[in-house]
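Numbering (this note's numbering), first residue to last: 3 to 237.
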């Protein structure tokens, strides 16, 4: 049995889940439009694939922004929001080729895991809808009683080297299976530590810097499309 790790944003889906979530919150009147503008400013180095990871303070600001609108809301309330959001904005954006690759791993009996720097309040429901067995995502802090979001985070951020630390911690647990091989699929240069960690890395819709790594190291370099071009039969 092997382990297959799928990045979420622009690998499994054709967009950025946290950005889509903020747009949804604005559309429902839960957060001001100015939050979107601030988000775009803070995350420009990530969305435009700069050659080095952004400053940790920038990432912290971004994460605080994505969690702030839920601060004080009960988990059940947010879960209802997320259910509608995932149905409307996430499921239609899943690449058909990603579904095929997940099916291939399932047929082999592999465990598939979803990896994202987005909050687990978003990533876990997406994973359940798609049948992922494991989730590595940003952990949103929740009060014990009542169970409400605080707007803060806990634990390691699943971004850059943090993703590898989260994975290593899980692999070292006594109940985790002993996998023969590990696979990873990602578009982002910021997932390079994860791709270098696994046995079989695959670049999907990669940025220039990541595709250069793929060429140098002989990694598969794939292009997944939301609406694949239909092939015309020829004689």
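Backbone N, C-alpha and C fix where the C-beta goes; we use that ideal spot for every residue, glycine too.
Determine the burial state of residue 82: buried for a count of at least 16 other Cβ atoms within 10 Å of its Cβ, exposed for fewer.
-> One-based indexing of the chain shown puts residue 82 at position 80. Residue 82 should be labelled exposed.
Which of helix, strand or coil does DSSP assign to residue 150?
-> Looking up residue 150 in the chain shown gives position 148. Three-state result, residue 150: strand.
What is the C-beta distance between residue 96 and residue 14, in whole angstroms, given that I count them as a contact (C-beta under 8 angstroms)?
-> In the chain shown, the residue the question calls residue 96 occupies position 94. In the chain shown, the residue the question calls residue 14 occupies position 12. Rounded, the Cβ-Cβ distance is 6 angstroms, consistent with contact.
Near residue 156, which residues of its chain fall below 6 angstroms by C-beta distance, leaving aside the five closest residues on each side in sequence?
-> By 1-based counting over the chain shown, the position of residue 156 is 154. Closer than 6 angstroms at Cβ, skipping near neighbours: 141 and 143.
Under the three-state DSSP convention, the category residue 29 falls into | Position 27 of the chain shown holds residue 29. It is helical.
Continuous alpha helix (DSSP H) assignments of at least 4 residues falling wholly in the stretch 96–121 | 98–109
Span separating the alpha-carbon of residue 115 from that of residue 26 | As a first step, residue 115 must be located in the chain shown, where it is residue number 113. As a first step, residue 26 must be located in the chain shown, where it is residue number 24. Rounded to whole angstroms, residue 115 to residue 26 spans 25 angstroms at the Cα level.
For residue 124, the residue or residues it bridges with in DSSP | In the chain shown, the residue the question calls residue 124 occupies position 122. Paired residues: none, contrary to the question.
Which same chain residues, not among the five before or five after residue 91, have their C-beta less than 7 angstroms away from its C-beta?
-> Within the chain shown, residue 91 is the residue found at index 89, counting from 1. Hits under 7 angstroms: 22 and 26.
For residue 69, count neighbouring C-beta atoms within 10 Å of its own C-beta (all shown protein chains included) and say buried if the count is 16 or more, exposed if not.
-> Position 67 of the chain shown, counting from 1, holds the residue named residue 69. Of the residues assessed, residue 69 falls on the buried side of the cut-off, its CB having 16 or more other CB atoms within 10 angstroms.
Per DSSP, which residues does residue 144 bridge with? Please list them.
-> Taking the first residue of the chain shown as position 1, residue 144 is located at position 142. 151, per the DSSP bridge assignment.
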